Ligand SMILES: Cc1cc2nc3c(=O)[nH]c(=O)nc-3n(C[C@H](O)[C@H](O)[C@H](O)COP(=O)(O)OP(=O)(O)OC[C@H]3O[C@@H](n4cnc5c(N)ncnc54)[C@H](O)[C@@H]3O)c2cc1C
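In the numbering used here, the protein residues as written are 48 to 420.
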């Protein structure tokens, strides 16, 4: 279809960071946008994400480049107002379990070789370089990546939605399970659970871990490797931490309101799935994670969990992002990725450009959904 961006109507399904970011970038491109979400905004992974902004460790070169561009866009946003308490660049500190020093050194060498800012710190160097960390918790050396940061995604979504409304976007909340409608083999719009239809020139499916299920009725298979995970927010606590910590027993980042956000994976075996599709976890496991995190914070403050959320963490079956138009259903695009916090701004920008103009962006070339066909 040769509709110009200015008159293009786009329906975006999913009120997480990828749907919201792409919707706002589409509005900037001049498209008209309707954004539909099953429940409220940020009700999926976006509402329970550690959201460490990084490209640490080893991965494919295109994925690394996309993540570095992702961090760059956050840097631009940060520079416009460094005082926001929901987007900060205090670096990232990681270390492996005792006895795995070689893994730490190998990772540091790899990061250095690709130009990723990576410092190998001995335990006695940590307090000065990374304030707020209990250096005694580090037995061997640790890697400090000074260029990394963190974002509170619910705050980012709120920030972007102000622009969404200013630019005249249409928001449909509590739409239930929205599906893609097809006419003559091409996406023609969307239909809510209640049967309300919204015709569109293009559709974006940004449904997090549910993305494969939403495109399955279109005859499109996208492998799904999404695990169940948890994010804990603590009650406000005195701390000086600015960095994101990734350690053998807890991952920790600051959260607005003097709280901390906690994550890891060792507790996954304790998560219970209920028949209605919801999840729970014993409270003593949540407290154990808080206790593990407390050992990492200078002064060992007592950490009290204030809330915790459990659900699917979107991860495509092959671990790489799935971004772009479906070959089988022209006009229908998908955004399904691991590390959607890091990629939130850049993926929205590049996808919006493709949807609005029809021009394929070279940085998305290896991430097309067609690789599974
Ligand atoms: C514990 C945890 C830690 C993480 N840590 C990091 C990290 O450190 N760094 C990083 O970069 N990323 C991290 N992530 C990943 C990142 O948070 C996610 O990739 C990102 O939030 C996904 O956003 P999304 O918009 O794709 O999906 P979601 O936020 O899941 O949003 C999808 C939305 O679509 C809606 N929906 C689903 N199906 C339908 C339908 N049929 N109709 C209408 N609406 C529908 C859902 O209700 C939901 O609101 C983490 C995630 C978790 C859970």
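For each residue, glycine too, the CB sits at the ideal point set by N, CA and C.
Computed from a predicted structure; not experimentally measured.
If you check the CB distance, residue 393 and residue 113 come in under 9 Å. Within 10 angstroms of the beta-carbon of residue 69 lie 16 or more other beta-carbons, which makes it buried.
Cβ contact annotation for residue 329 (same chain, cutoff 7 Å, sequence separation greater than five): 317, in chain order. Considering only 146, 205, 79, the residue with the shortest C-alpha distance to residue 186 is 146.
The distance from the Cβ of residue 211 to that of residue 67 is about 7 Å, consistent with a contact at the 8 Å cut-off. Separation of residue 372 and residue 415 (C-alpha to C-alpha, rounded to the nearest whole angstrom) is 7 Å. Checking the 8 Å criterion, the Cβ of residue 277 is within range of a heavy atom belonging to ligand 1.
Between residue 208 and residue 200, the CB-CB gap reaches or exceeds 9 Å.
Residue state for residue 411 is assigned as helix, using DSSP reduced to three classes. Under a 10 Å Cβ-count criterion, residue 220 is classified as exposed, with fewer than 16 other Cβ atoms of the shown protein chains found around its own Cβ. Placement of the Cβ of residue 261 at a distance of less than 8 Å from at least one heavy atom of ligand 1 is found. In this structure, the alpha-carbon of residue 351 lies about 44 Å from that of residue 57. Residue 313 carries a helical assignment under DSSP once its states are collapsed to helix, strand and coil.
Note on geometry: alpha-carbon atoms of residue 232 and residue 374 lie some 11 Å from one another. Taken from the Cβ of residue 88, at least one heavy atom of ligand 1 lies inside 8 Å. Residue nearest to residue 342 within the set 72, 243, 294 is 294 (criterion: CA-CA distance). The C-beta distance from residue 255 to residue 92 rounds to 5 Å, short enough to meet the 8 Å contact threshold. Look at residue 106 here: in three-state DSSP terms it is coil, with no helix or strand label.
Following the DSSP letters along the chain, one finds residue 204 in no beta strand (DSSP E) but inside the alpha helix (DSSP H) bounded by residues 200 to 213. Per DSSP, residue 244 is one residue of the beta strand (DSSP E) stretching across 244 to 246. Residue 246 counts as exposed, since fewer than 16 other C-beta atoms from the protein chains shown sit within 10 angstroms of its C-beta.
Shown here for residue 241: same chain residues with a beta carbon closer than 7 Å to its own, the five before and five after excluded, namely 223 in chain order. Assignment of residue 93 by DSSP, reduced to helix, strand and coil, places it in the helix class.
The secondary-structure analysis by DSSP pairs residue 281 across a beta bridge with 352.
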